[in-house]
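Enquirer: Taken in order, these protein sequences are the chains called A and B.
For what it's worth, my numbering labels the leading residue of the first sequence as 1, then goes sequentially.
For what it's worth, my numbering labels the leading residue of the second sequence as 202, then goes sequentially.
By construction, the Cβ of each residue, glycine as well, lies at the ideal position given by its N, Cα and C atoms.
There are 2 protein chains.
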Amino acid sequence: MTKEEELILTRAREKFMREGFHRTTMDEIASELRMSKKTIYKYFPSKEKLVNAAVTLLQKYIANNVTKIIESDDNAVLKIYKIFEFIGKIMEKVNEKTLEDFRRRLPEVWQRIDDFRTKLIQENLTTVVNQGKEEDLILPYPTSIIMAIYVAGIRAVINPEFLMNSSFSLTEVKNIALDMMMCAVLTDKGKEIFNKYKQGN
Amino acid sequence: MTKEEELILTRAREKFMREGFHRTTMDEIASELRMSKKTIYKYFPSKEKLVNAAVTLLQKYIANNVTKIIESDDNAVLKIYKIFEFIGKIMEKVNEKTLEDFRRRLPEVWQRIDDFRTKLIQENLTTVVNQGKEEDLILPYPTSIIMAIYVAGIRAVINPEFLMNSSFSLTEVKNIALDMMMCAVLTDKGKEIFNKYKQGN
């Protein structure tokens with residue numbers, strides 16, 4: 001990827017997240033970047049192609065960072081906490097209407113986002129839950145049951161339809177879901193660690 | 202409904218739950234009831250009609266009993282506990298293959314079961330969660346978020362596909378889901394009450 005291509009993608013991604021896909025025009029992206037539309041079209045022949053490439057780049061960024069957290073020497077509670085904080089920081093930049101915009105106008109893109117995060121949660125959270133059980137920070141429930149409930153629970157609330165009909169922000173919903181999920185499976189020792197991190201924030 | 206019709210329905214329901222829809226023949230039902238198939242066909246012209254009527258009767262029985270628990274003077278924790286125990290007792294009679302049998306061979310019936318329980322959980326659990334918050338037994342999380350996570354979580358694990366691919370019984374999965382759900386939202390006072398009921402069992 002050229003520097004120019006990456007610059008276009010990064011800016012377009014920020015704009016799509018903040019203002020939604022539908023409301024953002026190629027003219028606006030070109031003008032913000034001080035580039036001609038022709039330059040942008042050279043790399044991305046349509047807005048759909050641009051948004052798809054932007055989502056791919058964002059997913060790579062997320063996957064890399066989550067892998068770094070997973071591969072660190074932290075305990076399981078801190079890993080889960082850091083993953084949620086990291087995802088939360090990205091979500092803070094997403095306008096609430098953006099996800100709904102995706103779901104309605106670009107259902108294939110929303111499907112890609114949903115598949116990506118289901119896989120991300122499934123693979124990484126499974127590893128951390130098993131680590132947490134070994135560390136005596138997570139109760140010895142079967143990992144498959146914990147995972148099925150967690151994946152379904154997260155998908156149910158971090159979801160355009162739910163958020164549009166809710167009076168709570170993405171960040172509020174994320175924080176409550178994290179609290180509930182942690183309380184559901186942590187041992188006393190795990191809870192102590194979790195509360196310490198939360199207060200330190 | 203005549204006594205005879207009710208008798209047929211009750212026995213057919215037990216047999217369907219225990220042995221599955223596909224494996225149970227009208228001949229077997231007739232022979233168990235010491236009735237002619239003609240008598241059964243008078244009320245239920247097909248096995249599909251019989252299973253649909255049996256499911257309706259079971260749903261009425263469940264709805265009546267859940268309503269009784271909801272309308273009692275018990276505290277919220279005891280109500281949730283009693284509802285799960287009651288549903289658990291019914292589920293113990295269901296062969297694990299029966300749900301899968303429904304899902305594959307009678308998808309409309311499985312859809313009816315799934316819709317019914319989603320509505321049952323949604324309506325009744327919402328009432329009890331609000332009661333529990335007033336009683337200081339449930340943490341003051343927004344009820345809509347608790348409910349969305351709970352409905353999705355229950356549907357994800359009390360589910361033919363999950364159970365068929367899992368090495369845990371319906372009852373084991375139900376108990377773990379209840380433990381996780383309770384721990385996620387109960388106050389310390391709520392947890393104390395919950396543990397007392399569990400030990401008394």
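So who's on the other strand from B:L279, going by DSSP bridges?
Expert: What you label residue 279 of chain B is simply residue 78 of the second sequence in a count that begins at 1. The partner list for B:L279 (beta bridge, DSSP) is empty, contrary to what the question assumes.
Enquirer: For the alpha helix (DSSP H) containing A:L170, name the first residue and the last one.
Expert: To locate residue 170 of chain A, count along the first sequence from 1; it is residue 170. Start and end: L170 to V185.
Enquirer: Please identify, using Cβ separations under 8 Å, the residues of the region 277-293 of chain B that lie next to chain A, in order along the chain.
Expert: Those residues of the region 277-293 of chain B that come within reach of chain A (Cβ to Cβ, closer than 8 Å) do not exist; the list is empty.
Enquirer: Would you say B:Y262 lies against chain A (beta-carbon separation less than 7 Å)?
Expert: The residue labelled residue 262 of chain B in the question sits at position 61 within the second sequence. Not one chain A Cβ lies under 7 Å of B:Y262.
Enquirer: Please confirm whether A:R23 and A:L58 have their CB atoms less than 7 Å apart.
Expert: Sequence index remark: in the first sequence, residue 23 of chain A carries index 23 (1-based). Sequence index remark: in the first sequence, residue 58 of chain A carries index 58 (1-based). Taking 7 Å as the Cβ cut-off, A:R23 and A:L58 do not qualify as a contacting pair.
Enquirer: Does DSSP put A:I29 in a helix, in a strand, or in coil?
Expert: Residue mapping note: residue 29 of chain A aligns to position 29 of the first sequence, counting from 1. Looking at A:I29 - three-state DSSP - the assignment turns out to be helix.
Enquirer: Return the residues of the region 355-381 of chain B that lie within a Cβ-Cβ distance of less than 9 Å from chain A, sorted by chain order.
Expert: Taking 9 Å as the Cβ-Cβ cut-off against chain A, the residues of the region 355-381 of chain B that qualify are I355, R356, A357, V358, N360, F363, N366, S367, S368, F369, E373, V374, I377, A378, D380 and M381.
Enquirer: Classify A:T2 as buried or exposed, calling it buried when 16 or more other Cβ atoms lie within 10 Å of its own Cβ.
Expert: On the first sequence, position 2 is the one that residue 2 of chain A refers to. With fewer than 16 other Cβ atoms within 10 Å, it is exposed.
Enquirer: Tell me A:I138's beta-bridge partners as DSSP assigns them.
Expert: On the first sequence, position 138 is the one that residue 138 of chain A refers to. Answer is A:L186, bridged to A:I138.
Enquirer: Got a sec: is the Cβ-Cβ distance from B:I322 to anything in chain A below 7 Å?
Expert: Taking the first residue of the second sequence as position 1, residue 322 of chain B is located at position 121. Chain A contact via Cβ: absent.
Enquirer: Do the region 294-312 of chain B and the region 361-375 of chain B meet, that is, are 3 or more Cβ pairs less than 8 Å apart?
Expert: Cβ pair count under 8 Å is three or more, so yes.
Enquirer: Could you tell me the distance, in whole angstroms, from the CA atom of B:Y398 to the CA atom of B:E272?
Expert: Working through the second sequence from its first residue, we reach residue 398 of chain B at position 197. Working through the second sequence from its first residue, we reach residue 272 of chain B at position 71. Approximately 19 Å between the Cα atoms of the pair.
Enquirer: Is it buried or exposed for B:K320, if we count other Cβ within 10 angstroms and need 16 for buried?
Expert: As a position in the second sequence, residue 320 of chain B is number 119, starting the count at 1. By the 10 Å Cβ count, B:K320 comes out exposed.
Enquirer: Would the region 348-363 of chain B and the region 148-162 of chain A be scored as touching if the rule is three or more Cβ pairs under 8 Å?
Expert: Segments in contact, yes.
Enquirer: Taking A:L163 as part of the alpha helix (DSSP H), name the residues at either end of that continuous run.
Expert: Here residue 163 of chain A is taken as the residue at index 163 of the first sequence, counted from 1. That run of the alpha helix (DSSP H) goes P160 to M164.
Enquirer: For A:K191, which of helix, strand or coil comes out of DSSP?
Expert: Reading the first sequence from its first residue, position 191 is the one you call residue 191 of chain A. Three-state DSSP puts A:K191 in a helix.
Enquirer: Is there contact between the region 331-339 of chain B and the region 386-401 of chain B, where contact requires at least three CB pairs shorter than 8 Å?
Expert: The region 331-339 of chain B, when compared against the region 386-401 of chain B, does touch it at the 8 Å Cβ threshold.
Enquirer: Ordered along the chain, which non-local residues of its own chain (more than five positions away) have a Cβ less than 7 Å from that of A:V109?
Expert: Locating residue 109 of chain A in the first sequence gives position 109, counting from the first residue. Correct list, in chain order: V51, N52, V55 and F102.
Enquirer: Which residues of chain B have a Cβ atom closer than 7 Å to the Cβ of A:I149, listed in chain order?
Expert: Here residue 149 of chain A is taken as the residue at index 149 of the first sequence, counted from 1. Going along chain B in sequence order, the residues near A:I149 (Cβ under 7 Å) are G354, A357, V358, A378 and M381.
Enquirer: Determine whether the Cβ of B:I346 lies closer than 7 Å to any Cβ atom of chain A.
Expert: Within the second sequence, the letter at position 145 stands for residue 346 of chain B. True, the Cβ-Cβ gap to chain A drops below 7 Å.
Enquirer: Which value, in whole angstroms, describes the spacing of the CA atoms of A:N64 and A:R105?
Expert: The count along the first sequence starts at 1 and reaches residue 64 of chain A at position 64. The count along the first sequence starts at 1 and reaches residue 105 of chain A at position 105. Taking the straight line joining both Cα atoms gives about 28 Å.
Enquirer: Do you know offhand how far A:S144's Cα is from B:F245's?
Expert: On the first sequence, position 144 is the one that residue 144 of chain A refers to. On the second sequence, position 44 is the one that residue 245 of chain B refers to. Their backbone Cα atoms lie some 41 Å apart in a straight line.
Enquirer: Would you kindly check if the distance between the Cβ of B:V267 and the Cβ of B:F395 is under 7 Å?
Expert: For the purposes of this step, residue 395 of chain B is taken as the residue at position 194 of the second sequence. For the purposes of this step, residue 267 of chain B is taken as the residue at position 66 of the second sequence. Contact: no.
Enquirer: Three or more beta-carbon pairs under 8 Å between the region 326-334 of chain B and the region 280-290 of chain B, yes or no?
Expert: Touching, per the Cβ criterion.
Enquirer: Mark A:G132 as exposed unless 16 or more other C-beta atoms lie within 10 angstroms of its C-beta, in which case mark it buried.
Expert: Looking up residue 132 of chain A in the first sequence gives position 132. The residue is buried, with at least 16 neighbouring Cβ atoms inside 10 Å.
Enquirer: Since I believe B:L234 is in contact with B:L208 (beta carbons under 8 Å), could you give me their beta-carbon distance rounded to a whole number of angstroms?
Expert: Taking the second sequence and counting its residues from 1, the one referred to as residue 208 of chain B is at position 7. Taking the second sequence and counting its residues from 1, the one referred to as residue 234 of chain B is at position 33. Indeed, because the Cβ distance is near 7 Å, the residues count as touching under 8 Å.
Enquirer: For the region 121-142 of chain A, which residues have a beta carbon sitting closer than 8 Å to at least one beta carbon of chain B?
Expert: Result list: Y141 and P142.
Enquirer: Closer than 7 Å by C-beta to A:M26: which residues in its own chain qualify, once you throw out the five before and the five after it? Chain order, please.
Expert: On the first sequence, position 26 is the one that residue 26 of chain A refers to. Contacts found: K37, I40 and K47.
Enquirer: If the cut is a Cβ gap below 9 Å, which residues of chain A does B:V386 touch?
Expert: Indexing the second sequence from 1 puts residue 386 of chain B at position 185. By Cβ distance, chain A contributes M180, C183 and A184.
Enquirer: Leaving out five residues on either side along the sequence, give the residues of the same chain with a beta carbon under 6 Å from the beta carbon of A:R117.
Expert: Counted from its first residue, the first sequence places residue 117 of chain A at position 117. Excluding positions up to five away in sequence, the list is empty.
Enquirer: Which residues in the same chain as B:A231 place their Cβ atom closer than 6 Å to its Cβ, once the five residues preceding and following it in sequence are excluded?
Expert: Your numbering for residue 231 of chain B matches position 30 in the second sequence. These residues qualify, in order along the chain: K238 and I241.
Enquirer: By Cβ distance, which residues of its chain are closer than 8 Å to B:P341, with the 5 residues on each side in sequence left out?
Expert: If you number the second sequence from 1, residue 341 of chain B lands on position 140. Excluding residues within five positions, the ones whose Cβ falls inside 8 Å are K334.
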